[in-house]
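My numbering puts the first residue of the sequence shown at 16, with every later residue one more than the last.
By construction, the Cβ of each residue, glycine as well, lies at the ideal position given by its N, Cα and C atoms.
It should be emphasised that the depicted structure is a prediction, and the values quoted were computed from it without experimental measurement.
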Amino acid sequence: MTRYSAEEKQEVHAAFEAILDQLEALQRQPDSWEESSLVHALSYMEAGIYDRARTALSDCVTPVAERSAWRAAQLERNPPRYQIVRLRQRLKNVRDEARQR
């Protein structure tokens with residue numbers, strides 16, 4: 016398994032938080048595409064796979080016009096589950112865990 020430095024982990028955490036900050040600045044919750052990408056990124060961070068988390072965050076900010084129409088339609092079928100508050104809480108847990116490792 017690849018080892019990631021504390022700085023690499025902090026960069027991914029900061030990128031995740033920046034996306035949440037941007038959503039809050041826009042005064043909206045993540046759409047289904049963004050939610051899916053953010054949840055995947057959190058799961059990868061929890062598993063210690065930070066390169067995959069970075070990829071999921073890149074997917075998250077894909078412009079709507081460039082998103083896979085098929086995948087977007089599939090994601091729209093799922094009810095929203097994660098709001099910004101819950102995503103921030105999971106990020107806090109990931110950060111706390113990363114400090115202990």
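Checklist entry - Going by C-alpha distance, which of Q89, A62, A80 and L90 is nearest E112? => result E112 has its Cα closest to that of A62, out of Q89, A62, A80 and L90.
Next on the checklist: Judging by CA-CA distance, which residue of L106, R116 and Q25 is the nearest neighbour of L53?
Outcome noted: Taking only the C-alpha atoms, the option nearest L53 is L106.
Item to check | Runs of alpha helix (DSSP H) wholly within the segment 56-109 (minimum 4 residues, chain order) | outcome: Listed in chain order, they are 65-75 and 84-91.
Next on the checklist: Here's the rule I'm using: 16 or more other beta-carbon atoms within 10 Å means buried, otherwise exposed. How should P45 be labelled?
Outcome noted: By the neighbour-count rule (16 or more Cβ atoms within 10 Å), P45 is buried.
Checklist entry - If we count the other Cβ atoms within 10 Å of its Cβ and call it buried at 16 or more, is E39 buried or exposed? => result An exposed status is given to E39, since fewer than 16 other beta-carbon atoms sit within 10 Å of its beta-carbon.
Checklist entry - So the alpha helix (DSSP H) Q42 belongs to, where does it begin and stop? => result Segment: none, Q42 is in no alpha helix (DSSP H) and carries neither H nor E.
Checklist entry - In the structure shown, what three-state DSSP assignment does S47 receive? => result It is helical.
Item to check | Rounded distance between the beta-carbons of L72 and A56, thought under 8 Å | outcome: A56 to L72, Cβ: 5 Å. Contact.
Checklist entry - Candidates S83, Q25 and Q115: which alpha carbon is nearest A68's? => result Out of S83, Q25 and Q115, Q25 has the C-alpha closest to the C-alpha of A68.
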